[in-house]
Amino acid sequence: MSTFLQYNIFCLLCIAVATSPKEYPIAQTSQGTARGISTVSRSGRTFYSFRGIPYAQPPIGNLRFKEPQPPSNWTGVYNAQNDAPHCLQKNYLFGKSFVEGSEDCLYINVYTPNLHSETTKENSLFPVMVFIHWGGFFTGYSSSHYLGPEYFMDKNVVLVSFNYRLGVLGFLSTYDDASPGNYGLKDQTAALQWIQNNIEHFGGNKNKVTLFGQSAGGASVHFHMFNPLSRGLFHQAISESGTALALWAKPLGKEQQQIARLQATFVGCKDCLNDTFSLVECLKRIDAEELVKSGDKFKYFTIDPLTVYLPSIEKKTEANPNPFLTKEPIDYILNGEFQNIPWILGTVSDEGIIRAAALLSQSETRKKLNKHFNELMPNLMALFMSTPKEKIQVVWKKIRDYYFEGQNSVDVNNSKSIQGLINLYTDRSFAYTLFQTAHLHLQKGHKQLWFYNFRYKGQYSYRQLFAATSENINYEWGVSHCDELLYLFKSSEIFPDLKNPNDLSVSEMLITLWTNFASYGDPTPSNNSSPFIKKWFKIEEDVFKPQRNKKLHFLNISGSYKVDNSIKLQMEYGFYKNRFKFWENLPLVENINDLNQKHIEL
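Count the sequence shown with mature numbering (1 follows the signal peptide of the UniProt record, and there is no 0) and you get residues -19 to -1, 1 to 583, in order.
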């Protein structure tokens, strides 16, 4: 039994016997009885919170670098009133210099306004929304301080969040049976299986599960659409700012074996480099924090490369009978091997702030970037993943001419130059591959697709966190990667409560769209009463012409917290029209023939 589990059961002995059951609600799970806590939503509605329930055995000791194992039962009443530790990580994105979390971290949180009882009928069970956190597969948090449920609990849904293994502990692969990899993704599948087995006890409908996530979480959602073991575990999907086609999510094959060998040299396992089984056994003996901390040695420029450990291609073998991923995501798509389910996907307008904020705000970093601009930028843009070595500089020159007007540096006194860097990161890392994903799925018969672009500028932004400095430049920053999360989840650890009237309206609007989708399979169903938009049309529905599948159209969400009555939701065409045409014409491996020959008119 894990230390965290033992502690939680012990804590219940401290709760007075006379405690009101309404204050400390009870839920039965397949492992035993859990006691949560009652609290209130944004509007004052009572809901029940159950946090830190184990959904798998602690992945420690011999279970390190193994697929998750079913959780153990407990005796007595389990205290589900506290957040569990994060999975062990180093949050480079927020500029944290320390390792945080625990290797014992496979815990799940359930929030419900509809606790199941003996008299609850099946038709009164609520739709379930399962969120996968962001973080590039190396960082991220599911706790209530980062993903507070208060906004969703105003609606008739059950909300679930959970931890999954990250970085080396979640994605180490030797490209053979020694360590097949994808443990973080397999953790996610285990969490979905736990939900199927238990969610009715929390008033949730296991046959109406919406899987949604942001960034790496959004890409994870897409990966689960390919995975046979995830079929039937969810029925609708939302991918915010990430799909499996993103460069930072691109699965690696044999390259992961070299990464594993490098990792071994960092922590004193040099004698095991020629035998992957010995290598993995050596890594199992290394202190977990030391293992995570040693990831610093992969960095060649500040915190880059950000994503070292990624999903990987596995081989199906006798020792690995249930691989998560056996081929490239693009091959699953082109073969039509995906769950054809209702799916919302989209982006925010200035995703690239996630890196541009630090590169430009930190003066020393900016100097180094500009001094070695033409050497660093092709690597930061991972052009080696998309074009032969001998063509990299040719492609980079075209990119530099387009985004920086041929300049060999970023001029922080020139707003066009600053926005050029933001746009480049936005397009290369997020927007273009999101567009490709929607485009290809539509071609392969995926009809129930909705696309959005979030351009609303609120009072608060993740930009300050990504800048990781008190320094700043004189620039009106746009809508950063992760900013839409401010309107979906209360984030008391890092942001004040929303107070601005426009911010509150956007939050209510997004929550309504997302929960409508969870309830009806359509963000604007026939009974939609939103004052902002009557109908968000699917991509295939051309509302202006009788011909179908000719143009990608999307919901544009815009406005500013500074301007009264500025919030607008409207269907538009021409999603980054000129920028995407530029990328389509570059000689990149991801510009596959199927996409270029049958592309949607921008």
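Cβ coordinates follow ideal geometry from the N, Cα and C atoms, glycine included. This structure is a prediction, so every number in the text was calculated from the model and none was measured.
Distance between beta carbons of residue j and residue i, contact taken as under 8 angstroms
{"i": "MET110", "j": "ALA499", "result": "5 angstroms"}
{"i": "LEU87", "j": "TYR29", "result": "So it is not a contact: roughly 22 angstroms between Cβ atoms."}
{"i": "SER410", "j": "ALA227", "result": "7 angstroms"}
{"i": "LYS465", "j": "PHE513", "result": "Strictly speaking, residue 465 in this sequence is Glu, with Lys absent from that position. So it is not a contact: roughly 15 angstroms between Cβ atoms."}
{"i": "VAL329", "j": "SER222", "result": "6 angstroms"}
{"i": "GLY317", "j": "LYS425", "result": "5 angstroms"}
{"i": "residue 627", "j": "ASN508", "result": "Here the chain comprises residues numbered -19 to 583, so residue 627 is not present and cannot be evaluated."}
{"i": "PHE279", "j": "LEU357", "result": "Wrong, their Cβ atoms sit about 16 angstroms apart, outside the cutoff."}
{"i": "ARG26", "j": "ASP135", "result": "6 angstroms"}
Contacts around residue i, its chain only, beta-carbon distance under 7 angstroms, and the 5 residues preceding and following it disregarded
{"i": "PHE354", "result": "ASN389 and SER390"}
{"i": "THR10", "result": "ILE34, ASN179 and HIS182"}
{"i": "THR224", "result": "GLY199, ALA200, HIS203, LEU326, THR414, LEU415 and THR418"}
{"i": "GLU295", "result": "PRO161, GLY162, ASN163, ASN301, PRO304, PHE305, LEU306 and THR307"}
{"i": "LEU166", "result": "SER201, PHE204, PRO292 and PHE305"}
{"i": "TYR443", "result": "SER461, HIS462, CYS463 and ASP464"}
Beta-carbon spacing of residue i, residue j below 8 angstroms
{"i": "GLY121", "j": "ALA197", "result": "yes"}
{"i": "ALA337", "j": "VAL261", "result": "no"}
{"i": "residue 585", "j": "ARG32", "result": "Outside the modelled stretch of the chain, which goes from -19 to 583, sits residue 585, for which no answer is possible."}
{"i": "GLY234", "j": "TYR156", "result": "yes"}
{"i": "ASN137", "j": "PHE107", "result": "yes"}
{"i": "residue 584", "j": "LEU423", "result": "Outside the shown range of the chain, which is -19 to 583, sits residue 584, and nothing can be said about it."}
{"i": "LEU128", "j": "PHE535", "result": "no"}
{"i": "VAL289", "j": "LEU272", "result": "no"}
{"i": "ALA218", "j": "PHE193", "result": "yes"}
{"i": "ILE548", "j": "GLY459", "result": "no"}
{"i": "VAL393", "j": "ILE322", "result": "no"}
{"i": "SER461", "j": "PHE447", "result": "yes"}
{"i": "ASP408", "j": "TRP229", "result": "no"}
{"i": "SER83", "j": "PRO66", "result": "yes"}
{"i": "PHE207", "j": "PHE319", "result": "yes"}
{"i": "LEU150", "j": "GLY116", "result": "no"}
{"i": "PRO40", "j": "GLN12", "result": "no"}
{"i": "HIS126", "j": "GLU474", "result": "yes"}
{"i": "PHE118", "j": "PHE152", "result": "yes"}
{"i": "PRO130", "j": "TYR92", "result": "yes"}
{"i": "GLN177", "j": "LYS187", "result": "yes"}
{"i": "residue 584", "j": "LEU315", "result": "Only positions -19 to 583 of the chain appear in the structure, and residue 584 is not among them; the question remains open."}
{"i": "SER154", "j": "GLN38", "result": "no"}
{"i": "ALA241", "j": "ALA339", "result": "no"}
{"i": "ILE311", "j": "ILE573", "result": "yes"}
{"i": "residue 640", "j": "ASN104", "result": "Outside the shown range of the chain (-19 to 583) lies residue 640, about which nothing can therefore be said."}
6 angstroms Cβ shell around residue i - same chain, five flanking residues per side excluded
{"i": "LYS265", "result": "ARG45"}
{"i": "TYR456", "result": "ILE399"}
{"i": "THR100", "result": "At THR100, the pLDDT of 47 sits below 50, so the modelled position is not reliable; the number obtained from the coordinates is stated separately. Cβ within range, chain order: n/a, list empty."}
{"i": "ALA269", "result": "LEU69 and GLU84"}
{"i": "ASN90", "result": "ARG32 and SER142"}
{"i": "VAL80", "result": "LYS71, GLU270, VAL273 and LYS274"}
{"i": "SER124", "result": "ASP64"}
Chain-order list of residues whose beta-carbon lies under 8 angstroms from that of residue i (same chain, five-residue window excluded)
{"i": "TYR5", "result": "ILE(-5), ARG16, GLY17, ILE18, SER19 and GLN62"}
{"i": "ILE373", "result": "PRO359, LEU364 and PHE365"}
{"i": "PRO504", "result": "ILE325, TRP431, LEU494, TRP495, ASN497, PHE498 and TRP517"}
{"i": "LYS251", "result": "ALA245"}
{"i": "LYS47", "result": "PRO40 and TYR164"}
{"i": "PRO568", "result": "THR368, LYS372 and VAL376"}
{"i": "SER472", "result": "HIS126, TYR127, LEU128, GLY129 and LEU466"}
{"i": "CYS253", "result": "ALA245, SER259, LEU260, GLU262 and CYS263"}
For residue i, the residue or residues it bridges with in DSSP
{"i": "VAL58", "result": "THR14"}
{"i": "GLY185", "result": "PHE107"}
{"i": "TYR88", "result": "PRO35"}
{"i": "ARG436", "result": "SER539"}
{"i": "ILE325", "result": "ILE219 and TRP431"}
{"i": "ASN68", "result": "The identity of residue 68 in the sequence shown is Cys, whereas the question assumes Asn. Per DSSP, SER83."}
{"i": "LEU405", "result": "According to DSSP, which records beta bridges pairwise, LEU405 is partnered with nothing at all."}
{"i": "TYR554", "result": "HIS534"}
{"i": "LEU233", "result": "SER293"}
{"i": "LYS471", "result": "GLY129"}
{"i": "GLN445", "result": "According to DSSP, which records beta bridges pairwise, GLN445 is partnered with nothing at all."}
{"i": "LEU190", "result": "Here residue 190 turns out to be Val, not Leu, going by the sequence shown. The partner list for VAL190 (beta bridge, DSSP) reads VAL109."}
{"i": "LYS549", "result": "SER539"}
{"i": "ALA8", "result": "ALA15"}
Cutoff 8 angstroms: residue i Cβ touching any chain D Cβ
{"i": "ASP392", "result": "Protein chain content of the structure displayed is limited to a single chain, and chain D is not contained in it."}
Please confirm if the region 476 to 496 is in contact with the region 142 to 158, defined as three or more CB-CB distances below 8 angstroms between the two stretches.
-> Short answer: they don't touch.
Say whether the region 471 to 485 touches the region 427 to 440, bearing in mind that this needs 3 or more beta-carbon pairs closer than 8 angstroms, one atom from each stretch.
-> In this structure the region 471 to 485 touches the region 427 to 440; the number of beta carbon pairs closer than 8 angstroms is three or more.
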